[in-house]
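Here the structure comes first, spelled out in structure tokens, and everything after it is commentary.
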Amino acid sequence: MGEKVRGRRLGKRLSPGARAAWAKSSYADDGYLPLWRHMSDSAATAGLLWDRWLPEQVKRLVAQALPGGFADARALAVWLAGVHDVGKATPAFACQVEPLAEKMRRAGLAMPTMRQFGEDRRMAPHGLAGQEILQDWLVRAHGWNPRRAAQFAVVVGGHHGVPPDAAQVMDVRAHPRLLRTPGESEALWAAVQTELLEACADDFGVRERLADWRSVRLPQTVQVVLSALVIMADWIASNRDLFPYGVDGTDGTSARTDEERALAAWEGLGLPGPWQAQEPTGTPEEFFASRFALPDGARPHPVQRAAIDLARRMPGPGLMMIEAPMGRGKTEAALAVAEIFAARSGAGGCFFALPTMATGNAMFPRVLDWLERLPDAQGQRLTVGLVHSKAALNEEYQELRSRGRQQIAAVDMDGDAGIPRPGSEKREAPAGLVAHQWLSGRKKAMLSSSVVGTIDQLLFAGLKSRHLALRHLSVAGKVVVIDEAHAFDAYMNEYLDRVLSWLGAYRVPVVVLSATLPAERRRALAEAYAGREQRAVGFASVAEAEDYPLLTAVSPGHGPVQDAPGDSGGGARVRVERMADDEAALADRLEELDDGCVLVIRNTVPRVLETARVLRERFGDDAVTVAHARFVDLDRAAKDKALVDRYGPKSTSRPKRHIVVASQVAEQSLDVDFDLLVTDLAPVDLILQRMGRLHRHARTGRPARLRAPRTLVTGVEWGAAGVPEPVSGSQAVYGRHALLRSLAVLTPHLDAPESRPVRIPEDISPLVQTAYGDEEVGPAGWAPALAEARRAHETERAKKKRGASVFRIGEVKSPGSPLIGWLAAGVGDADDTRAGRAQVRDSEESLEVLVVQEHEGGRLTTLPWLGKGRGGLDLPRDAVPTERAARAAAASALRLPARLSKPWVIDQVIKELEQFYVDAWQAKESHWLAGELILPVQADCQTRLAGLVLRYSQDDGLEVLRETEG
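Per our numbering, the sequence shown starts with residue 3, numbered consecutively.
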């Protein structure tokens with residue numbers, strides 16, 4: 003239909019009653035915006051979003067549902083945006099501002115005052131009222147079936163974030179006086195509502211299409227993305243800086259046409275368009291050389307070449323799962339496949355989902371490098387986002403945000419839009435990449451074209467929450483990459499499978515990466531994406547494949563295809579030995595070594611700290627480094643950097659002898675290489691992940707006794723006979739069932755004369771598939787213990803599934819099913835806070851605090867050792883701290899241990915922490931510190947909380963002691 007912006011006729015030809023209806027008002031200056039004007043602005047904005055911002059992938063989804071294809075799709079989006087606020091032409095809404103209500107009364111539209119309405123008025127929020135008015139008009143004036151009308155009208159009903167449920171619909175129908183005042187003016191109210199709808203049908207070009215749309219069965223996916231587009235159009239058109247209005251109800255720019263008004267607003271918004279991917283040509287070697295900084299003479303791995311070939315051979319973009327060993331370039335393979343998929347599907351961006359904030363931060367610069375190497379299609383600008391709760395503290399992202407900052411005042415729909423997070427000192431951003439200010443905030447950040455974030459951001463798409471449609475739109479137009487898919491527990495997998503089913507219905511291309519994916523999870527992911535109609539065809543073979551590396555592809559409407567590309571990477575033969583769970587014995591064993599770099603991984607932080615204490619007593623403080631998650635953010639980042647600098651691929655300062663004692667943080671995100679691995683028993687896939695840190699890089703000069711890779715397994719009470727018993731801390735983290743089956747499959751490799759090494763990569767898949775399969779494993783004498791552990795595991799898994807189902811959205815229903823009740827009994831707003839993450843992860847709500855230092859007299863400062871001039875900065879109690887000091891304090895966040903978040907103690911902990919409430923920091927200007935819990939530590943870096951002693955150090959992080967130990 004082209005790029006048209008309409009609306010001037012809409013206002014000119016309306017009756018006085020229709021022109022009197024209002025949409026926006028300002029208490030600051032008594033300014034207001036007539037309803038007809040906001041309807042026109044919203045429709046024009048929707049048209050511009052469709053033409054200039056919406057990815058082709060989403061346009062096609064809508065177009066395929068309508069008889070007139072793309073022309074119908076655009077017209078429907080513009081029309082629904084135009085009529086979305088027709089529910090404001092009701093007494094329940096109009097009574098809220100008395101001077102404007104009185105103006106409507108003078109035009110003949112009688113209504114009670116807001117006080118006279120009382121609480122009943124809340125039964126007719128204007129979105130629900132608009133849904134009822136539009137549905138009634140389609141049925142009454144155009145002969146639509148009520149159910150068919152509902153699937154269009156619900157877009158209007160849900161434009162404030164939650165589609166109405168059946169009970170709400172019944173309530174408003176039982177109170178018609180909320181929509182039209184009974185008596186003499188009732189007919190006029192109905193006439194005004196009809197007049198506005200008739201004018202929109204004419205002006206937005208849909209009157210001639212309504213008869214054809216009457217028989218359309220609108221897919222729920224289309225209803226969702228249209229709802230999101232209407233929400234975006236409404237938010238933009240509600241921005242007074244972009245669409246001004248005055249005290250007389252005009253925009254103060256009468257010389258401008260409607261088209262000029264809308265285009266001026268769009269230019270002021272400056273929202274870049276979607277990525278327009280070009281399908282790469284040439285050989286895989288040429289492709290990889292142009293996208294990634296490969297070393298001289300390097301060639302793509304067989305897995306990478308096979309992934310490109312399979313992506314090109316697939317009937318259409320769909321799901322691809324890449325299972326390959328660590329260090330085979332799965333990330334680069336995923337980005338290459340994403341580019342091919344995007345070019346073929348019309349995706350307008352990419353979302354890279356990772357397990358943790360640390361892995362997200364590590365991936366962000368890699369994705370930026372890839373984006374900078376993409377072909378420059380007509381100089382397009384791409385919006386980028388880093389989406390997790392600490393993104394505002396990421397310096398590289400802040401540089402991009404500084405470049406993208408514009409003087410626009412986005413309407414405060416996110417709740418925090420009034421306090422934009424400031425960036426670092428302004429610096430040139432990479433060409434063509436910008437972090438756009440309007441695409442910030444917890445509800446809009448995912449709408450950037452290219453996003454790196456935590457897996458929670460994707461799982462939130464399966465959570466019944468306010469404005470879920472926006473989150474669905476944000477992924478419906480992208481290629482989604484899910485990294486380290488093996489890292490999710492049963493609870494998270496319930497959400498992931500449901501989200502994948504919606505992504506498949508949206509025809510969103512998805513790439514799943516894993517080094518160690520159990521066969522049944524592979525099948526479950528494939529079936530979830532394929533959907534109910536397709537999953538019965540040929541999916542048993544997906545779980546039966548035994549090849550490794552392995553690629554599995556599913557295209558919509560087609561059966562699964564698998565490819566086994568082989569592996570050309572250097573294999574490893576890892577000797578595995580059992581070791582007593584005794585720190586002194588460990589120290590003895592390490593003392594036997596002349597030199598070497600050793601990684602010791604413990605499954606709990608207390609075991610990390612106890613092991614480090616014993617080893618320091620033997621080898622000295624300088625010989626032992628600690629790494630775990632209980633460091634403040636800045637210290638954790640510094641530790642991660644120091645580890646990579648020492649043990650990474652480009653290290654120039656690798657020590658001759660050193661011991662790193664770490665928790666699970668060493669499993670992922672850190673590209674480090676050690677000569678010897680000592681690990682607590684863990685599920686076998688995680689043991690293999692930990693082995694990936696052993697002899698990871700080609701290196702000369704390893705100690706003679708450590709030239710063959712070796713892993714010592716501990717954290718088990720082995721016993722002379724009977725079933726070995728994993729230590730209680732490990733069982734609390736992973737469960738006895740997973741640990742015993744891991745030990746059972748590793749037993750043939752454990753230190754008996756006839757045992758053989760674990761072969762990497764040949765043994766990865768057999769070990770994982772056997773450990774997670776149903777067949778009996780282990781010595782015969784273990785059978786009763788394994789059976790008991792399995793029963794407990796199945797009970798717990800069933801409990802997790804039930805728990806996940808409470809707030810999880812339903813499956814995609816058949817076309818024509820209205821979204822009414824889609825988010826009923828939801829959680830409200832969902833975001834990347836501790837409470838939000840707890841909804842999609844099987845974990846208790848944890849408390850996060852900002853650690854500061856308290857001096858004599860009560861003076862507060864940032865921690866003294868923070869680098870880059872951030873240490874020892876004053877934090878005055880009677881004023882808002884400086885920007886530099888406040889940001890340094892915000893970057894000193896620390897998550898308290900689970901024992902301080904238990905139901906029986908959390909209220910006491912919060913009560914004690916609130917004693918450090920600083921009133922001056924709660925101002926809007928104190929956006930870094932407002933609402934945060936503060937934990938002051940004394941000069942000795944200790945404090946007391948809920949009867950426990952908390953001790954913090956730069957070397958060891960947080961340690962929790964009983965009062966007697968402190």
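Built from N, CA and C at the ideal position, the CB exists for glycine as well.
Residue environment, residue i, which counts as buried when at least 16 other CB atoms sit within 10 Å
i: Y29; result: exposed
i: R964; result: exposed
i: V808; result: exposed
i: P93; result: buried
i: G185; result: exposed
i: M172; result: exposed
i: S730; result: exposed
i: N147; result: exposed
i: W215; result: buried
i: T115; result: exposed
i: G949; result: exposed
Local conformation of residue i per DSSP, three classes
i: R407; result: Model confidence at R407 stands at a pLDDT of 43, short of 50, so the residue's coordinates are unreliable and nothing is read from them.
i: H739; result: helix
i: E186; result: coil
i: F245; result: coil
i: A759; result: In the sequence as displayed, the identity of residue 759 is Pro instead of Ala. Coil, per DSSP.
i: W277; result: coil
i: T196; result: helix
i: R604; result: coil
i: Y29; result: coil
i: E262; result: helix
i: R107; result: helix
i: T797; result: helix
i: I822; result: coil
i: L2; result: Any property of residue 2 remains undetermined from this structure, which presents the chain solely from 3 to 968.
i: D979; result: This structure cannot settle anything about residue 979, because the visible part of the chain is limited to 3 through 968.
i: I936; result: strand
i: W930; result: coil
i: S217; result: coil
i: P36; result: strand
i: M41; result: helix
i: G783; result: helix
i: M316; result: coil
i: S557; result: coil
i: R149; result: helix
i: G49; result: helix
Given residue i as reference, the closest of the options once Cα atoms are compared
i: Q59; options: F154, V674, T613, Y508; result: Y508
i: D565; options: F918, D485, A313, P786; result: A313
i: L515; options: F541, N495, H488, L505; result: H488
i: L679; options: P820, Q278, Y550, V662; result: V662
i: Q917; options: G860, P820, R889, T864; result: G860
i: Q691; options: D596, L519, T554; result: L519
i: V735; options: T606, D74, A213; result: T606
i: L111; options: Q195, Q382, D549, R76; result: Q195
i: K332; options: A892, L321, M316, P304; result: P304
i: A925; options: R879, D637, K658; result: R879
i: A582; options: G650, P726, R575, T627; result: P726
Does the region 77-84 come within contact of the region 226-241, defined as at least 3 CB pairs closer than 8 angstroms? yes
Taking the runs of the alpha helix (DSSP H) that are 4 residues or longer, which of them lie wholly in the region 325-378? 332-347, 359-374
In chain order, which continuous runs of the alpha helix (DSSP H) of length 4 or greater are located wholly inside the region 479-534? 492-508, 521-532
Go through the region 607-685 residue by residue and report every complete run of the alpha helix (DSSP H) that reaches 4 residues or more, in order. 607-621, 635-649
Check whether the region 443-458 and the region 385-400 touch, using three or more Cβ-Cβ pairs below 8 angstroms as the test. Yes: at least three Cβ pairs fall under 8 angstroms.
Which runs of the alpha helix (DSSP H) spanning at least 4 residues fall entirely within the region 79-145, listed in chain order? You should have 93-96, 100-108, 116-119, 128-144.
Report yes or no: do the region 362-373 and the region 548-565 share at least 3 C-beta pairs separated by less than 8 angstroms? no
Any chance you could list the beta strand (DSSP E) runs of at least 3 consecutive residues sitting entirely within the region 848-925, in chain order? 850-856, 895-897
Those runs of the beta strand (DSSP E) which lie wholly inside the region 687-755 and span at least 3 residues: Complete beta strand (DSSP E) runs here, min 3: 712-716.
For the 8 angstroms Cβ check, are there 3 or more pairs between the region 209-229 and the region 490-510? yes
Check whether the region 891-902 touches the region 953-963, counting contact only when three or more Cβ pairs, one atom from each stretch, lie closer than 8 angstroms. yes
Counting pairs of beta carbons, one from the region 781-798 and one from the region 706-718, are three or more of them closer than 8 angstroms? no
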